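A.B. asks: Would you mind keeping the following structure in view while I ask a few things?
There are 2 protein chains.
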Amino acid sequence: MTQQKITINEVASAAGVSVTTVSLVLSGKGRISSATVERVNQAITQLGYVRNRSAAALRGGSSGTIGVIVRDLSQRFYAELTAGLSEALEAQGKTVLLTQSGAHGQHLTRCFDSLIAQGVDAVVLGGDARNAAALAPGVPLICASRASYLEGADSLRPDNALGGRMATEFLLRQGHQHIAWLGGCGASLTRAERIGGYCATLIQHGLPFNPEWIIECDESPQAAGTAITRLQQRYPHLTAVIASSPPVALGCCLALLRREHALRQAAVDSNGVQPMALVGFSDELQANLTDPSLTFICNPARAIGRAAAARTLLRLSTPDAPVQHVIMPPQLIGSSGQ
Amino acid sequence: MTQQKITINEVASAAGVSVTTVSLVLSGKGRISSATVERVNQAITQLGYVRNRSAAALRGGSSGTIGVIVRDLSQRFYAELTAGLSEALEAQGKTVLLTQSGAHGQHLTRCFDSLIAQGVDAVVLGGDARNAAALAPGVPLICASRASYLEGADSLRPDNALGGRMATEFLLRQGHQHIAWLGGCGASLTRAERIGGYCATLIQHGLPFNPEWIIECDESPQAAGTAITRLQQRYPHLTAVIASSPPVALGCCLALLRREHALRQAAVDSNGVQPMALVGFSDELQANLTDPSLTFICNPARAIGRAAAARTLLRLSTPDAPVQHVIMPPQLIGSSGQ
DNA sequence: ATGAAAGCGCTAACAG
DNA sequence: CTGTTAGCGCTTTCAT
């Protein structure tokens, strides 16, 4: 179909220079006179030449690819992260090699092997990094996850404690003093960090912190609805709740609306019905579920991806730069923010 | 750190054979005695050899990579699609090169160029395929999008008309006869196909189809709430609504609950208040927003990804297989399904 | 059934 | 500043 084999050789002769010059122009390395650069680029576009990165990689140059490992792209946080990362890397002429290590990270080794075999210039690792330390010696490793990180490698992650603080302060600002925490799994590091922020904020404000107001529950509206109803019965003076995720927040929201219903219908004086306030956590920035009654603290996943891209490029250009750990602030979307 | 340069040469001598044999074993091509295969594989694992795909690609073999182009990974449908695709391809030893063409497909050409430069064995294209026809001659192209496809290339996509039919039939089965359609943009092909299924179903059941019950609106709970309230006022005998997306469904759900409130409080006879039924569309299978009052018709995005992977592998092994177009059924998640 | 040898397209020494 | 040249690790005829 198209002209098959346009190599730097053709480009070189077309531009009346040597292959070295062309190669230098391509990688922007040597000091080539701008006139020559011009001529070469012209030849390149004229011939429709596309550089063969395999050959470049083979010879020792960089492959122009960055490996990414995430557990599963259907997890919002990692999808957003990967989107930001790929966007930023592609803008710099890099290409992303995507691998999924599986829901439990079971394919981590396979991921590293594929990436190494493909000659990636660096690896960005999402998710748990604990046993990834020595899997890819010789290739820069950048960690970008929801909570964990590696001592010796560059890392980016959300400021979960700040998220917990933001949620709590948002509710305090509205006058609430009895705030419950609903949802999430006790083993979650992200959750633990967020709850840390929640507790710290309460204490800073001289409010008592009651561990019985911290409830684990499945990430489903049903489970959340059941849990919050029980919570309200047991602790009637609770006036606000922090939900660990959008489905939990939704479950709370619906349960609360229905409860208001029921109470009003029971002919209780309307004034006696105190509507409960609600804040939820989310992994997507737009969190387009927001509504007057739904406010979210959103992870800056996409921004983390972009930052990881920047860090990766820096690490490639400056291998000796000191290791850096960055934590990025969440964003409040809904009632007051955005 | 680790042993640096283990090439097929080391493997060959370690196994006491020639590089040819090793290469043949690696690609499973030539007829090598199983004894030799055994010996070679042993040497490979012993030395921790990993094949250099760049070299293989350069010499003419396959690179073992499949290129993927999506508009933006933060769109659920494409995140799920990519997850399924990558999962299935990695299980077969392939690696995915991910590129994003941008919200408006503005980087499509750049995507193709990068992928070609990297020597991909095939390209899976998500999103609009119209002007992608001739961008990558010589490389198999597989289309996997929400609606559009290319005549000459293999394609996979959701059965949107069936989705519309499923939503409508679900409501009809519950006895509803006055069903509105809320949300989406008039220019959307996906929406048009779904609405086609909706209309067809109504007609098949001998029900009138009223174009004024099809409302465009922003994909936000607020917009949906406003729209459905207006709709109810204008057409009081509507008893059900189909929502184009989760945020629209949520907005409807909340608005409906509040309206029931209001009516009940206004001391209207409770029996006069007919609760409205609701079905929504979603791009994620778990659609974990489901709740007794929230049912979803979910796109089989992940399954489409897996099917696209299978089709890609088939196309690589059998280049002459006839072009195939596959449409995949959505899934009802919630009240009755699942 | 296996081995020897010729490059694939590119980059990085070295020279000029 | 630019040209010559030697491979990178692998696949693939062509012999054996």
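Line by line, the protein sequences are chains W and G. Sequential numbering from 3 applies to the first sequence in this note's numbering. Sequential numbering from 3 applies to the second sequence in this note's numbering. Even for Gly, the Cβ is constructed at its ideal location relative to N, Cα and C. Predicted model only: the values in this text are computed from it and were never measured.
Measuring only the C-alpha atoms, how far is G339 of chain G from T314 of chain W?
C.D. replies: Residue placement at G339 of chain G cannot be trusted, given a pLDDT of 45 that sits under 50; the coordinates are not used to answer.
A.B. asks: Determine, using beta carbons only, whether D115 of chain W comes closer than 8 Å to chain G.
C.D. replies: Answer yes: the Cβ-Cβ gap between D115 of chain W and chain G drops below 8 Å somewhere.
A.B. asks: Examine chain W for any beta-carbon lying closer than 8 Å to the beta-carbon of H263 of chain G, and answer yes or no.
C.D. replies: It does; some Cβ of chain W falls within 8 Å.
A.B. asks: From what residue to what residue does the beta strand (DSSP E) around Q102 of chain G run?
C.D. replies: Unbroken beta strand (DSSP E) run through Q102 of chain G: 97-102.
A.B. asks: Over the uninterrupted alpha helix (DSSP H) stretch that includes I401 of chain G, give me the two end residues.
C.D. replies: Residue 401 of chain G falls outside the range modelled here, since chain G spans only 3 to 340, and no answer is possible.
A.B. asks: Counting only Cβ-Cβ distances shorter than 8 Å, please list the residues of the stretch 309-327 of chain G near chain W, keeping chain order.
C.D. replies: Answer in chain order: no residues at all.
A.B. asks: Is the stretch 144-161 of chain W touching the stretch 173-183 of chain W, taking contact as three or more C-beta pairs under 8 Å?
C.D. replies: No, the stretch 144-161 of chain W is not in contact with the stretch 173-183 of chain W.
A.B. asks: Inspect the beta-carbon positions of G128 of chain G and G95 of chain G and report whether they are closer than 8 Å.
C.D. replies: It is not a contact, given that the beta carbons lie outside the stated cut-off.
A.B. asks: Using the Cα positions of I335 of chain W and R61 of chain W, report the straight-line distance between them to the nearest angstrom.
C.D. replies: Using only the alpha carbons, I get a separation of about 49 Å.
A.B. asks: Could you list which residues in chain W have their beta carbon closer than 9 Å to that of D123 of chain G, in chain order?
C.D. replies: Under the 9 Å cutoff, chain W gives no residues; its nearest Cβ is about 12 Å from D123 of chain G.
A.B. asks: Compute the Euclidean distance between the alpha carbons of G227 of chain G and I230 of chain W, then round it to the nearest angstrom.
C.D. replies: In a straight line, the C-alpha of G227 of chain G is about 25 Å away from that of I230 of chain W.
A.B. asks: Given this structure, state the Cα-to-Cα distance separating Q48 of chain W from A93 of chain G, to the nearest angstrom.
C.D. replies: If I take the Cα positions, the gap works out to 41 Å.
A.B. asks: Helix, strand or coil for V48 of chain G? Go by DSSP, reduced to three states.
C.D. replies: Contrary to the premise, residue 48 of chain G reads as Gln rather than Val in this sequence. In the structure shown, Q48 of chain G sits in a helix (DSSP, three-state: H, G or I).
A.B. asks: Would you mind working out which of G:S190, G:V126, G:R260, G:Q44 sits nearest A138 of chain G, comparing C-alpha positions?
C.D. replies: Of the candidates G:S190, G:V126, G:R260, G:Q44, the one whose C-alpha sits nearest the C-alpha of A138 of chain G is G:V126.
A.B. asks: Taking L256 of chain G as the query, report the chain W residues whose CB atoms sit under 8 Å from its CB, ordered along the chain.
C.D. replies: What L256 of chain G touches in chain W: C255, L259, D293, S295.
A.B. asks: Please go through the same chain and pick out, in chain order, the residues whose beta-carbon is closer than 7 Å to the beta-carbon of P332 of chain W, but skip the five residues on each side of it.
C.D. replies: Taken in chain order, the residues that qualify are P160, D161, L164, G165, M168, I299, C300, N301, P302.
A.B. asks: Would T97 of chain W pass as an interface residue toward chain G - the criterion being a Cβ-Cβ separation below 8 Å?
C.D. replies: Yes, its Cβ sits closer than 8 Å to a Cβ of chain G.
A.B. asks: Ignore the nearest five residues each way along the sequence and tell me which others in A257 of chain G's own chain have a CB closer than 6 Å to its CB.
C.D. replies: The residues are G227, I230, T231.
A.B. asks: For a contact meaning CB atoms closer than 8 Å, what does S147 of chain G contact in chain W?
C.D. replies: In chain order: nothing, as chain W lies at least about 17 Å away.
A.B. asks: What does DSSP give as the partner residues of A242 of chain W in its beta bridges?
C.D. replies: In DSSP, A242 of chain W forms a bridge with W:I181, W:A279.
A.B. asks: Leaving out five residues before and five after M3 of chain W in sequence, what residues of the same chain have Cβ atoms less than 8 Å from its Cβ?
C.D. replies: Because M3 of chain W carries a pLDDT of 44, less than 50, the predicted location of this residue cannot be relied on, and no value is offered for it.
A.B. asks: Can you name the residues of chain G whose CB is closer than 7 Å to the CB of D74 of chain W?
C.D. replies: The contacting residues are A85.
A.B. asks: Give me the subset of the stretch 52-64 of chain G whose CB atoms are less than 7 Å from a CB atom of chain W, sorted by chain position.
C.D. replies: Those residues of the stretch 52-64 of chain G that come within reach of chain W (Cβ to Cβ, closer than 7 Å) are V52, R53, N54, R55, S56, A57, A59, L60.
A.B. asks: Whole beta strand (DSSP E) runs in the stretch 72-149 of chain G with 3 or more residues, listed along the chain?
C.D. replies: The qualifying runs are 97-102, 124-127, 143-146.
A.B. asks: Check whether chain G comes within 8 Å of I299 of chain W, counting only Cβ atoms and requiring the distance to be less than that.
C.D. replies: Not an interface residue.
A.B. asks: Pick helix, strand or coil for G186 of chain W, following the three-state DSSP scheme.
C.D. replies: Residue state, collapsed to three classes: strand.
A.B. asks: Whole angstroms is fine: what's the gap from T170 of chain W's alpha carbon to P210 of chain W's?
C.D. replies: Distance between the alpha carbons of T170 of chain W and P210 of chain W is about 13 Å.
A.B. asks: Using 8 Å as the limit for Cβ to Cβ distance, is L100 of chain W near chain G?
C.D. replies: For L100 of chain W, the answer is yes, since a Cβ of chain G falls inside 8 Å of its Cβ.
A.B. asks: For a contact meaning CB atoms closer than 8 Å, what does R304 of chain W contact in chain G?
C.D. replies: What R304 of chain W touches in chain G: S76.
A.B. asks: Using three-state DSSP, classify L296 of chain W as helix, strand or coil.
C.D. replies: Reduced to three states, the DSSP call for L296 of chain W is strand.
A.B. asks: Give, in chain order, every residue of the stretch 217-237 of chain G whose Cβ lies closer than 9 Å to some Cβ of chain W.
C.D. replies: Cβ contacts with chain W: E221, S222, P223, Q224, G227.
A.B. asks: Measuring CB to CB, does F79 of chain W end up less than 8 Å from R132 of chain W?
C.D. replies: No, the Cβ-Cβ distance between F79 of chain W and R132 of chain W is not below 8 Å.
A.B. asks: Can you give me the C-alpha to C-alpha distance between A242 of chain W and W215 of chain W, rounded to a whole angstrom?
C.D. replies: Whole-angstrom Cα-Cα distance: 11 Å.
A.B. asks: Taking 8 Å as the CB-CB cut-off, is M3 of chain G touching chain W?
C.D. replies: Confidence at M3 of chain G is low in this model, with a pLDDT of 43, below 50, so the placement of that residue is unreliable and no value is reported for it.
A.B. asks: Should D322 of chain W go down as buried or exposed, given a rule of 16 or more other Cβ atoms within 10 Å for buried?
C.D. replies: Burial call: exposed.
A.B. asks: Do you know how far the Cα of V42 of chain G is from the Cα of K31 of chain G?
C.D. replies: Distance between the alpha carbons of K31 of chain G and V42 of chain G is about 14 Å.
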